[in-house]
Amino acid sequence: MALFEARGIHKRFGQQVVLEHVDLSFEAGRLSGIMGPNGAGKTTCFNVLTGRHRPDRGRVTLDGEDITGLSPDAIARRGIARSFQVMSLFDENTALDNLIVALPEVRARGFDMFRRLSADDAAADRASAVLARVGLAGLERRRAGDLAYGERRALEIGIALASRPRLLFLDEPTSGLGSESTARLAELVQDLKRDHSVVVIEHDMQFLFALADTISVIHWGQVIANGTPDALRENAWVRRSALGGAA
Amino acid sequence: MTKRVSSAGRWLPREMAVLLVALATLPLWIEPVGLYQYLGVEIAIWMIYGLGFNLLLGYSGLPSFGHGAFFGIGAYAFGLFQLWAFESLWLGILCAVFAAFVAGAVVACFLSHRRGIYFALMTIAFGQVFWFIAIKWHAVTGGEDGLLNIPRPALDVGLASAGLESNTALYCFVLAVLAAVLVLLWRLVHSPFGKVLQAIRQNEARARFVGYNVWMFKWTVFSLSAAIAGLAGSLFSMAQQSAYPDVISLHASGIIVMMTLIGGGFVSFWGPVIGVTVYFLARDVLGTLTETWLLWFGLMFVVAVLFKPEGIAGAWQEHVGAASGRSRARRALAGLLSTGRD
Ligand SMILES: Nc1ncnc2c1ncn2[C@@H]1O[C@H](COP(=O)(O)OP(=O)(O)O)[C@@H](O)[C@H]1O
Ligand SMILES: [Mg+2]
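Sequence order for the protein chains is A and B.
Note that this note's numbering has the first sequence beginning at 6, numbered continuously upward.
Note that this note's numbering has the second sequence beginning at 30, numbered continuously upward.
So this is what it looks like as structure tokens:
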């Protein structure tokens, strides 16, 4: 059985059906990609899988446990972390503090009102290590709000990474990045692949085809294709959207 | 290795030591400068109230505009305990803190999933409910007159007992309570709990997605803040030897908001301490010159909201060369009433 499965997910907003009978499964130790045009329902799909929206129908399971309709924090505590397409940081905190609050050991004592968090060198070291991993070494003290765009993108992933997730969801991590930063991010994701199970939404096909073990294509709220990058290269929709030779 | 050398979170930071020394010597200099002992009692009580209030406003970004309710509940609970049960300082205070905590906890159940303007309006509504009860439930609260002739019990510590009849003695007691509150809240805002509150203020959705049950945190901090308001209220009814509905009014609830904001509660732990001091000095110094002192204080509030949301503490930080935190205060202020994204 796959680490994470979604079966028959439906989601509508008012009259608009955004997801229709979506089946997805993500294996442990793999990098799974999701692609599709703008407005296809990819982010909504993440939102349903990570608890922001409750699906109208369907079931989501993590390691066999039904997590459908649980709150985002309950799902996060079970080991699922995500990054956001629209960046979502703690802007007034330093880069380091952004990661410290995301550490599971800090979360575990979130109701500790007495011990000084900044005296916790172990937590600071862990957070520093994550910061270094996403390429922000040396920026510990910088306010998140003062970081450059690309650095904020990296911190966005860092927050998700800091919780040492069993499954990491990344929503368009290259969004807004130039080619150089995109290349650097590809290296990071390649590196994360070594020790994480990752699901990444990406519109940059080159990026995804180079990294993913399997890819699902979502179009009009439905999964229209599924398979390895090689198999998908033959897919009609992929070929059509890849005109220009991106894939 | 990231060794983080910082004074933040020590038991007794320098600012606190300075404040406590200034307050401890207050009985010696307050009369020579033309003021009076009782003023010290008032200031210390409202500092406790303001520090607890700022846990919500400044640290959690929760606009409680009816906080006078919990101050009032503390005041009434202390008075009722002395009048109906028996005279006891500690049990009276305990009863007040507990009553305010319970009231806060119940109200927080209705508030904790609300945000921004909805949260603010609900706190006003609950404040009015408690105010109405205080006015109408004559048999218990004494209606508009309130509770009169509340005894000021003696301070019993083991075998020793000290009367608190004199304002100087009462001041010393209130100051000791303030010192304890300062130390504990200083710990709290630097603890994991305090850091989570600040994370929730900045980005509630993200806090949820890193695994924090935001509802529980809001509920806890609201109840705690209510309990501290109740503690301040109990000291107030002991000082006034009476409890009356005025302190629950929307007007009184507004004053604590103004004090906290003017002082710089958005950018500094010391904001409410500064704001309370400014308010009482305005009342007693400006007040001898003009009857319109409250108008001037109100104008200060308007100026703060429009131009200086970082308050006096922020202006001071700027003066000594640190960042004033104006943008941070702006965002916090704007965030107070915005319902935000989910
Ligand atoms: N919270 C929401 N309320 C109403 N409509 C939404 C909401 N979230 C997304 N949608 C709609 O669902 C569709 C899919 O959006 P989205 O999942 O963001 O697409 P993608 O991430 O694939 O670009 C869009 O038409 C969008 O307008
Ligand atoms: Mg999207």
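In this text, a Cβ means the ideal position worked out from N, Cα and C, and glycines have one as well.
{"Query": "Which residues mark the beginning and the end of the alpha helix (DSSP H) in which A/Leu166 is found?", "Result": "Tyr154 to Ala167"}
{"Query": "Does the region 70-90 of chain A come close enough to the region 210-221 of chain B to have 3 or more Cβ pairs within less than 8 Å?", "Result": "no"}
{"Query": "Closer than 9 Å, CB to CB, is A/Gly249 near chain B or not?", "Result": "The predicted position of A/Gly249 is uncertain, since its pLDDT is 43 and thus under 50; a value taken from the coordinates is nonetheless stated next. Output row for A/Gly249: interface = no."}
{"Query": "Give a yes or no on whether 9 Å exceeds the smallest Cβ distance from B/Thr317 to chain A.", "Result": "no"}
{"Query": "Does B/Lys224 get closer than 9 Å to chain A when you measure Cβ to Cβ?", "Result": "yes"}
{"Query": "If we ignore side chains and look at the alpha-carbon of each, how far apart do A/Leu182 and A/Glu161 end up?", "Result": "13 Å"}
{"Query": "State yes or no: is the beta carbon of A/Pro109 nearer than 9 Å to at least one beta carbon in chain B?", "Result": "yes"}
{"Query": "Please identify, using Cβ separations under 7 Å, the residues of the region 336-351 of chain B that lie next to chain A, in order along the chain.", "Result": "none"}
{"Query": "Listed from N- to C-terminal order along the chain, which residues in the region 268-287 of chain B have their beta-carbon within a distance smaller than 7 Å of any beta-carbon of chain A?", "Result": "none"}
{"Query": "Pick out the complete beta strand (DSSP E) segments inside the region 161-229 of chain B, 3 residues or longer, and give them in chain order.", "Result": "184-186 and 189-191"}
{"Query": "Give the secondary structure of B/Leu362 by DSSP, where H, G and I count as helix, E and B as strand, and everything else as coil.", "Result": "helix"}
{"Query": "State yes or no: is the C-beta of B/Pro56 within less than 9 Å of the C-beta of B/Glu116?", "Result": "no"}
{"Query": "I'd like to check one pair, B/Gly175 with B/Ser271: are the Cβ atoms closer than 9 Å?", "Result": "yes"}
{"Query": "Could you check whether B/Leu86 and B/Thr289 sit closer than 9 Å to each other, using their CB atoms as the reference points?", "Result": "yes"}
{"Query": "Applying a beta-carbon distance threshold of less than 7 Å, which residues of chain B neighbour A/Glu97?", "Result": "Gln231 and Arg357"}
{"Query": "Please look up how many angstroms separate the CB atoms of B/Phe202 and B/Leu188, rounded, as I've assumed it's under 8 Å.", "Result": "Actually they are not in contact, since the Cβ atoms of B/Phe202 and B/Leu188 sit about 18 Å apart, beyond 8 Å."}
{"Query": "The region 142-155 of chain A: which residues have C-beta closer than 7 Å to a C-beta of chain B, in chain order?", "Result": "Glu145"}
{"Query": "Spatial neighbours of B/Ala98 within its chain, please: CB distance less than 6 Å, with the 5 preceding and 5 following residues excluded, ordered by chain position.", "Result": "Gly156, Phe159 and Ile277"}
{"Query": "Based on the DSSP output, what are the partners of A/Ala11 in its beta bridges?", "Result": "A/Leu29 and A/Val65"}
{"Query": "When we look at the beta-carbon of B/Met245 and count the other beta-carbons within 10 Å, is it buried (16 or more) or exposed?", "Result": "exposed"}
{"Query": "Scan the region 26-41 of chain A for residues whose Cβ lies nearer than 8 Å to a Cβ of chain B and list them as they occur along the chain.", "Result": "none"}
{"Query": "State the DSSP-derived secondary structure class of B/Lys247, mapped to helix, strand or coil.", "Result": "helix"}
{"Query": "Can you look up A/Lys16 in the DSSP assignment and give me helix, strand or coil?", "Result": "strand"}
{"Query": "Answer yes or no: does any C-beta atom of chain A fall closer than 9 Å to that of B/Ala236?", "Result": "yes"}
{"Query": "Can you tell me whether A/Asp71 is helix, strand or coil according to DSSP?", "Result": "strand"}
{"Query": "Just checking B/Gln231 against ligand 2 - is the residue's beta carbon closer than 8 Å to any of the ligand's heavy atoms?", "Result": "no"}
{"Query": "What number of angstroms, rounded off, separates the C-alpha of B/Asn83 from the C-alpha of B/Thr152?", "Result": "15 Å"}
{"Query": "Quick one: does B/Arg360 have its CB under 9 Å from some CB of chain A?", "Result": "yes"}
{"Query": "Among B/Ala344, B/Glu339, B/Gly343 and B/Gly304, whose alpha-carbon lies nearest the alpha-carbon of B/Phe326?", "Result": "B/Gly304"}
{"Query": "Could you round the C-beta distance between B/Ser263 and B/Phe161 to whole angstroms and report it? I think they count as a contact, below 8 Å.", "Result": "That belief does not hold up - the Cβ atoms of B/Ser263 and B/Phe161 are roughly 22 Å apart, past 8 Å."}
{"Query": "Could you tell me the distance, in whole angstroms, from the CA atom of B/Val34 to the CA atom of A/Leu122?", "Result": "Note that B/Val34 has pLDDT 45, beneath the 50 cutoff, so the model's placement of it is unreliable and no number is given."}
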